[in-house]
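Notes follow once the structure below has been shown.
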Amino acid sequence: MSLHIKLHLDYQDFDLDLDLQLPGRGVTALYGHSGSGKTTCLRCIAGLEKAGRGRIQINDEVWQDSRQRLFVPPHKRSLGYVFQEASLFAHLSVQANLEFGLRRIPKAQRRVDMAQATELLGIGHLLQRHPQHLSGGERQRIGIARALLTSPRLLLMDEPLAALDSKRKGEILPYLERLHDELDIPVLYVSHSQDEVARLADYIVLLSAGRALASGPIGQTLARLDLPLALGDDAGVVVEGRVSHYDPSYQLLTLQLPDSPLQVRVTHGPLAQGKALRFKIQARDVSLSLQAGERSSILNRLPVTVREEIPADNAAHVLVRLDAAGTPLLARITRYSRDQLDLHPGQQLWAQIKAVAVLA
Amino acid sequence: MSLSSADFSAIWLTLKLASLTTLILLVVGTPIALWLSRTRSWLRGPVGAVVALPLVLPPTVIGFYLLLALGPNGFFGQLTQSLGLGTLTFSFSGLVLGSVIYSMPFVVQPLQNAFSAIGSRPLEVAATLRAGPWDSFFTVILPLARPGFITASILGFAHTVGEFGVVLMIGGNIPDKTRVVSVQIYDHVEAMEYAQAHWLAGAMLAFSFLVLLALYSSRKTKAGWS
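Protein chains in written order, with numbering that gives the first Met the number 0: chain A, 0 to 359; chain B, 0 to 225.
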């Protein structure tokens, strides 16, 4: 199960040169600023644009191989595409929009049915409506359901939330998370929002000027200091943990770090024990100390090892990459503190975590 | 005093000519308009200009060239003669051909505008939902361009009804074959039969007004894309 995407494309003012080997399951984010080539890449995979040279293989299906002059037209590729604007057919009702793709899939190949799609995206009550009379968020949910109903082998999403205000975004994100949890369809998700990527993606490809700067699992990649991701005020890491237990009297949730005995605590509503949970720890919320045992209001203290440090976005700070029993963490501290602590790689000390944000 | 049987025959011939012309133009004009709205070829300008020529040329100029081309020594004339069809000048078929050329921009341009307004996104969406090119044409483009087709049909039909110069040049004035209403009015006036000319001219005026009224009243709402 894997996606192999090799694209070479020359435009007058832009060129794309990619050779990506991506996991065939879960959500892979194509992340980058506008103009980095992420949408073009997605359109080439869909066949809406034709890269001069390239090879696109989705699991065992080859969609393009320019060496063999093979180019499968988009309508013969088993994919679902969600555009930035929902792009519903204005001449059709919501129901007819949903059925447009479904009707064109042979019955034997249907793995997602109408009841499942409408339930998953919460659009059952909208079926008889007309696209003109829907909100932006409702339209986008229908666009997603419409794409799912073709039972695609690959779902391509081109900034599906970018055209929505933050309230509508918050309205759709939970549905996207359910998609991720309940359907076994690999998703390529184009985005320039670190928040969305942190919440949804398992794997990330960082694009810049038509090249892939880096790619890898989300937790490790966000913690890499050699990437521009780490710069800026919102640098941080995403950790995939599990609920260890919940203390109702203090309303504290204890989370287990992956493959380690370490735990963090966060104020939160009750959640079932063992539930997989994703949370973000921002570099600016992590401070370092040489001693463990002071009494303090800080909830979380983890033993960590210093791995490396780089200058932060301004001269007064440095970014430090830490290792907490296998889980990477970032700390953003002042250069003054760095010198006071005499920080060096391999050093063992304590990370104090001021805030943990539960993402999903 | 009212319409004579010759008048009715002219009206019938006019309606027949306009219906046939509109039908042919919808079939021929749709692919041309679709191509003009989508292509990036350098031929787009020249083809667009040729289609629009009848808008600016005097009908006599079009009629003159058609007369030459369709006549015994013209390119089309030789072709039709070699096929055993004789020449198309001064025949109903010749009138249809002339009308198709003369009314072409009135059908192609509204269609082209409608297709351009739809843009390429609906077709991309349709393709990602497994609809091939022909499938998308019938299930997406045609329904979305419906207002454009209505406008094109009305304008093509009405403009053919109002044709005079081209008819006179290539069709002449043969009862039941090429004598359409506009020519019949001309005949009445030449013969000083003003009363009869009034009836026909009045009917044309009323028809044209009603057609345009229908057209402009229906333009209140336009199907959009969301």
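Glycine included, C-beta positions come from ideal geometry on N, C-alpha and C.
Since we're looking at a predicted model, the values are computed, not measured.
- Looking at the backbone, the Cα of GLN250 (chain A) and that of HIS244 (chain A) are separated by about 11 Å.
- The alpha-carbon of ILE297 (chain A) is positioned some 12 Å away from that of THR266 (chain A).
- For VAL139 (chain B), a Cβ of chain A is located within less than 8 Å of the residue's own Cβ.
- For MET156 (chain A), the beta-bridge partners assigned by DSSP are A:VAL81 and A:TYR188.
- Residue state for PHE278 (chain A) is assigned as strand, using DSSP reduced to three classes.
- Among the residues facing chain B, ALA116 (chain A) is not included, as its CB has no counterpart in that chain under 8 Å away.
- Judged by beta-carbon spacing, SER65 (chain A) lies within the 8 Å limit of GLY51 (chain A), meaning their Cβ atoms are closer than that value.
- CA-to-CA, the gap between PHE163 (chain B) and GLY97 (chain B) works out to about 11 Å.
- ILE203 (chain A) has its alpha-carbon roughly 6 Å from the corresponding atom of ILE217 (chain A).
- Secondary structure note for ASN72 (chain B): it is in no alpha helix (DSSP H), with a DSSP letter that is neither H nor E.
- In this structure, DSSP gives GLY240 (chain A) an extended state, which the three-state scheme calls strand.
- As summarised for the segment 42 to 108 of chain A, the continuous alpha helix (DSSP H) elements at least 4 residues long and confined to that stretch are 93 to 101, given in chain order.
- In chain order, ALA197, ARG198, VAL237, VAL238, GLU239, GLY240, VAL357, LEU358 and ALA359 place their CB closer than 8 Å to the CB of ARG277 (chain A), counting only its own chain and leaving out the 5 sequence neighbours on each side.
- Taking the CA atoms as reference points, PHE105 (chain B) sits about 15 Å from SER36 (chain B).
- In this structure ASN72 (chain B) is exposed. Its beta-carbon is surrounded by fewer than 16 other beta-carbon atoms within 10 angstroms.
- In this structure PRO151 (chain A) is not in contact with ILE122 (chain A), their Cβ atoms being roughly 18 Å apart against a cut-off of 8 Å.
- Collapsing the DSSP output to three states places LEU163 (chain A) in coil.
- The distance from the Cβ of VAL179 (chain B) to that of LEU199 (chain B) is about 11 Å, inconsistent with a contact at the 8 Å cut-off.
- Collapsing the DSSP output to three states places HIS316 (chain A) in a strand.
- Between ARG43 (chain B) and PHE156 (chain B), the alpha-carbon positions lie close to 26 Å from each other.
- Contacts with chain B at 8 Å (Cβ-Cβ) do not include ILE141 (chain A).
- Taking 8 Å as the upper bound on Cβ-Cβ separation, chain B lies near no residue of the segment 181 to 199 of chain A.
- Annotation: the segment 140 to 201 of chain B contains the following complete segments of the alpha helix (DSSP H) (minimum length 4 residues), in chain order: 145 to 160, 164 to 169 and 180 to 189.
- Residue burial annotation: ILE61 (chain B) is buried, with at least 16 other C-beta atoms found within 10 angstroms of its C-beta.
- Secondary structure in the segment 169 to 218 of chain A: the beta strand (DSSP E) runs of 3 residues or longer, each lying completely within the stretch, are 186 to 190, 202 to 207 and 210 to 216 in chain order.
- Just so you know, the alpha carbons of GLN339 (chain A) and TYR188 (chain A) end up roughly 43 Å apart.
- No Cβ of chain A is located within less than 8 Å of the beta carbon of THR29 (chain B).
- The Cβ atoms of LEU147 (chain A) and GLY235 (chain A) lie no closer than 8 Å to each other.
- Among the residues of chain B, those whose CB is under 7 Å from the CB of THR149 (chain A) are LEU128 and ARG129, following chain order.
- Under a 10 Å Cβ-count criterion, PRO159 (chain A) is classified as buried, with 16 or more other Cβ atoms of the shown protein chains found around its own Cβ.
- In this structure, DSSP gives LEU2 (chain B) a state outside helix and strand, which the three-state scheme calls coil.
- Taking a Cβ-Cβ cut-off of 8 Å, PRO57 (chain B) has no neighbours in chain A, whose nearest Cβ is about 41 Å from it.
- For TRP133 (chain B), the enclosing alpha helix (DSSP H) starts and ends at 132 to 135.
- Identification of chain A residues near GLU123 (chain B) by a Cβ-Cβ cut-off of 7 Å yields LEU47, ordered along the chain.
- Between ARG120 (chain B) and chain A, the shortest Cβ-Cβ separation is below 8 Å.
- Within 10 angstroms of the beta-carbon of ASN313 (chain A) lie fewer than 16 other beta-carbons, which makes it exposed.
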